[in-house]
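Student:
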Amino acid sequence: MRLGLFLPNWVGDLAMATPALRALRRHFAHAEIVGVLRPYLVDVLAGTHFLDQQLLYDPRGKDPSQRGSRFVRALRSRHLDAAVLFTNSFRTAWLARLSGARRRIGYSRNARGWLLTDRLFQDTQNGKFVPSPVLDDYLRLAYALGCPAESPRIELGTTHADESAADAALQSLGISPPFVAINSSGAFGAAKLWPTEYFAELAKRIVTQYRHDVLVLCGPNEREIARQIVSLAANPRVRSVADMPLSIGLTKACVARSQLMITTDSGPRHFAAAFDVPVITLFGPTHIAWSETHYTRAVHLQHPVDCGPCQQRTCPLGHHRCMRDLSVDIVETAVAKMLGKLWTAQAA
């Protein structure tokens with residue numbers, strides 16, 4: 025059997041898909057599983073065993089083999105028996121149809137139901153989708169193919185190169201365990217960002233009051249934010265990876281080495297669950313239910329506002345109160361409780 029998986033397009037969504045990938049890999053142990061994914065997501069799954077092949081798809085990229093007719097020919101050459109659609113776009117369903125797969129399993133959304141052979145439906149209320157964990161929706165796709173019940177545990181890995189890069193980065197920066205990792209990224213949009221000065225003040229308190237080094241993580245587009253956090257914290261024990269070669273693998277390996285992660289609601293937050301690291305996530309415009317992962321060592325913080333959660337990339341009202349009113353004191357209280365639990369567990 026040849027199984028094609030049209031994988032999510034976001035780092036966090038792909039991480040949340042790993043329980044379903046694990047279920048499919050276990051149930052179809054002897055099948056050839058092909059993952060169709062964007063090139064920038066390859067590192068997310070590096071170090072895992074879910075896929076036998078990866079077929080890169082980038083409809084707006086420069087590589088002609090990753091788009092258009094050349095991609096479709098490559099897709100058809102896999103002779104897929106079934107296609108599982110983790111994305112909800114019409115285009116993905118059309119590609120699955122073009123692949124020649126006899127079974128096409130996905131959610132009936134965006135006028136694509138007629139392209140699917142196995143249609144799944146999400147709950148709606150008053151014409152809108154009811155917020156529910158995406159992770160659970162992904163598992164339902166696996167169950168539709170007969171997979172038995174699977175744990176919701178997110179599973180990721182690292183490579184030897186990732187581990188070496190993290191070792192070199194921590195040594196170069198003078199960061200020693202135990203340290204706290206801060207992730208300030210927000211690829212979704214500015215509305216997810218916690219104020220830079222808040223992160224800086226929190227980092228300073230973690231160093232002075234809780235005696236932990238702080239490592240500020242970032243993606244290529246958040247380098248300047250990370251630098252500003254370090255500058256405003258003005259403490260030699262607050263450092264960042266902003267001036268180093270960045271990769272998803274480096275971020276995974278650094279998170280795995282941390283004692284606690286404090287993060288915005290962005291993709292890397294799910295790395296903490298994958299490596300069993302306690303995590304505090306700061307939510308603003310997004311509904312917590314969408315990205316709930318059932319991870320027991322997670323704390324979600326969200327300041328209630330009458331205009332949210334709005335799910336907008338930028339604040340439509342211009343005040344960004346959902347994040348600005350989530351004070352440093354509130355987050356520090358959560359940090360103190362989390363570190364207190366860790367100290368108690370270590371002393372036992």
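Numbering (this note's numbering) for the sequence shown: 25 to 372.
Heads up, the beta-carbon is just placed ideally off N, CA and C, and yes, glycines get one too.
Applying the criterion that 16 or more other CB atoms from any shown protein chain within 10 Å of the CB defines a buried residue, is isoleucine 178 buried or exposed?
Tutor: To locate residue 178, count along the sequence shown from 1; it is residue 154. Buried, by the Cβ-count rule.
Student: CB of alanine 214 to nearest heavy atom of the ligand NAD: below 7 Å?
Tutor: Ligands are entirely absent from the displayed structure, and the ligand NAD is therefore not among its contents.
Student: Could you say which of Gly198, Phe307 and Leu366 lies nearest to asparagine 259 if we only look at CA atoms?
Tutor: In the sequence shown, residue 259 corresponds to position 235, counting from 1. Nearest option by C-alpha distance: Gly198.
Student: For leucine 194, which option in Arg281, Arg97, Arg293 and Ala70 has the closest C-alpha, if you only look at C-alpha atoms?
Tutor: Within the sequence shown, residue 194 is the residue found at index 170, counting from 1. Closest option to leucine 194, Cα to Cα, is Arg281.
Student: Which same chain residues end up closer than 7 Å to glutamate 246 when comparing Cβ atoms and leaving out the 5 residues on each side of it in sequence?
Tutor: Within the sequence shown, residue 246 is the residue found at index 222, counting from 1. So the list reads Ser208 and Ser209, once near-sequence residues are dropped.
Student: When burial is assigned at 16 or more other CB atoms within 10 Å of the CB, is phenylalanine 223 buried or exposed?
Tutor: Taking the first residue of the sequence shown as position 1, residue 223 is located at position 199. Flag for phenylalanine 223 reads buried.
Student: Mind checking glycine 59: buried by the 16 CB within 10 Å criterion, or exposed?
Tutor: Stepping through the sequence shown from its first residue, residue 59 is reached at position 35. Glycine 59 comes out buried.
Student: What is the DSSP secondary structure of phenylalanine 203, counted as helix, strand or coil?
Tutor: Taking the first residue of the sequence shown as 1, we reach residue 203 at position 179. Of the three classes helix, strand and coil, the one that applies to phenylalanine 203 here is strand, per DSSP.
Student: Tell me which residues share the same chain as alanine 214 and place their Cβ nearer than 6 Å to its Cβ, disregarding the 5 neighbours each side in the sequence.
Tutor: Numbered from its first residue, the sequence shown carries residue 214 at position 190. These residues qualify, in order along the chain: Thr338.
Student: Is there a Cβ of chain D sitting closer than 8 Å to that of isoleucine 199, yes or no?
Tutor: Of the protein chains in this structure there is only one, and it is not chain D.
Student: Look up tyrosine 131 in the DSSP assignment and say whether it is helix, strand or coil.
Tutor: Here the question's residue 131 lines up with position 107 in the sequence shown. In the structure shown, tyrosine 131 sits in a strand (DSSP, three-state: E or B).
Student: Quick one: what does DSSP say arginine 235 is sitting in, helix, strand or coil?
Tutor: The residue given as residue 235 occupies position 211 in the sequence shown. Correct three-state label for arginine 235: coil.
Student: Using the rule of at least 16 other Cβ atoms within 10 Å of the residue's Cβ for burial, across every protein chain shown, is glutamine 32 buried or exposed?
Tutor: As a working mapping, residue 32 is identified with position 8 in the sequence shown. The question names glutamine, but residue 32 in the sequence shown is proline. The residue is buried, with at least 16 neighbouring Cβ atoms inside 10 Å.
Student: Alpha carbon to alpha carbon, how far is proline 328 from methionine 285? Give it in angstroms, no decimals.
Tutor: What you label residue 285 is simply residue 261 of the sequence shown in a count that begins at 1. What you label residue 328 is simply residue 304 of the sequence shown in a count that begins at 1. Roughly 23 Å separates the two Cα atoms.
Student: Buried or exposed: which applies to tryptophan 218, given that a residue is buried once 16 or more other Cβ atoms fall within 10 Å of its Cβ?
Tutor: In the sequence shown, counting from the first residue as 1, residue 218 sits at position 194. Flag for tryptophan 218 reads buried.
Student: Return the chain-ordered ranges of every beta strand (DSSP E) run that is complete within the segment 247-335 and spans a minimum of 3 residues.
Tutor: Complete beta strand (DSSP E) runs here, min 3: 262-264, 284-288, 303-307 and 322-326.
Student: Tell me whether alanine 125 sits in a helix, a strand or coil according to DSSP, three-state version.
Tutor: Taking the sequence shown and counting its residues from 1, the one referred to as residue 125 is at position 101. Of the three classes helix, strand and coil, the one that applies to alanine 125 here is coil, per DSSP.
Student: Nearest-angstrom Cα distance between leucine 122 and threonine 72?
Tutor: Here residue 122 refers to the residue found at position 98 of the sequence shown. Here residue 72 refers to the residue found at position 48 of the sequence shown. Whole-angstrom Cα-Cα distance: 28 Å.
Student: What is the residue span of the beta strand (DSSP E) that isoleucine 57 lies within?
Tutor: In the sequence shown, residue 57 corresponds to position 33, counting from 1. From DSSP, the beta strand (DSSP E) with isoleucine 57 extends over 56-61.
Student: I believe valine 240 touches alanine 250 by the beta-carbon criterion, under 8 Å. Please report the beta-carbon distance rounded to the nearest angstrom.
Tutor: Your numbering for residue 240 matches position 216 in the sequence shown. Your numbering for residue 250 matches position 226 in the sequence shown. Correct: roughly 5 Å between the Cβ atoms.
Student: What residue from Pro63, Phe307 and Val96 has the CA that sits closest to methionine 347's CA?
Tutor: Within the sequence shown, numbered from 1, the residue matching residue 347 stands at position 323. Residue Phe307 is the option with its Cα nearest to methionine 347.
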